[in-house]
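Engineer:
Numbering (UniProt numbering), first residue to last: 1 to 105.
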């Protein structure tokens, strides 16, 4: 199951090593390339990509894994959603949900 598209914002988050970058444009660019590389042209040597963990796991308050993302809607969409835009542009076939919450929802 890959790629992980978290935009890690806190070095204390125990999964920050899974993030491509703390900068959304880079995560978007890497996500697109990663999905294209995995899925290719749907040949016998390619696999289905899974964009994960939707959405905001890199934004959790104080870096708590599976915690609460306390960011506004624009930040959630434009920063933490960036990798998903790249993955969707590349035709990702699956998305895995995250355990974190957004403003306790």
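From the three backbone atoms N, C-alpha and C, an ideal C-beta is built for every residue, glycine too.
1) Figure out for me which residue from 18, 67, 105, 50 has the closest Cα to the Cα of residue 2.
2) Following the continuous beta strand (DSSP E) through residue 97, name the residue where it begins and the one where it ends.
3) Taking buried to mean at least 16 other C-beta atoms within 10 Å of its own C-beta, is residue 20 buried or exposed?
4) For the alpha helix (DSSP H) that residue 75 lies in, which residues bound it at each end?
5) Would residue 13 and residue 65 qualify as a contact pair, given that the criterion is a beta-carbon distance under 9 Å?
6) In the DSSP assignment, what residue or residues form a beta bridge with residue 7?
7) Identify the continuous beta strand (DSSP E) that holds residue 51 and give its terminal residues.
8) Is it the case that the Cβ atoms of residue 54 and residue 98 are separated by a distance below 9 Å?
9) Which partner residues of residue 101 appear in the DSSP bridge assignment?
10) Out of 36, 38, 59, 87, point me to the one whose CA is closest to residue 74's CA.
Structural biologist: Let me lay it out:
1) Ranking 18, 67, 105, 50 by Cα distance to residue 2 puts 50 first.
2) Taken as a continuous stretch (DSSP letters only), the beta strand (DSSP E) holding residue 97 covers 94-97.
3) Classification of residue 20: buried, given that the 10 Å Cβ count is 16 or more.
4) Counting along the chain, residue 75 sits inside the alpha helix (DSSP H) bounded by residues 73-78.
5) In this structure, residue 65 lies closer than 9 Å to residue 13 by Cβ.
6) DSSP, once it has assigned bridges, lists 21 as partnering residue 7.
7) Element bounds for residue 51: 50-54.
8) Yes; because the gap between Cβ atoms is below 9 Å, this pair is in contact.
9) DSSP lists 68 as the beta-bridge partner residues of residue 101.
10) Of the candidates 36, 38, 59, 87, the one whose C-alpha sits nearest the C-alpha of residue 74 is 59.
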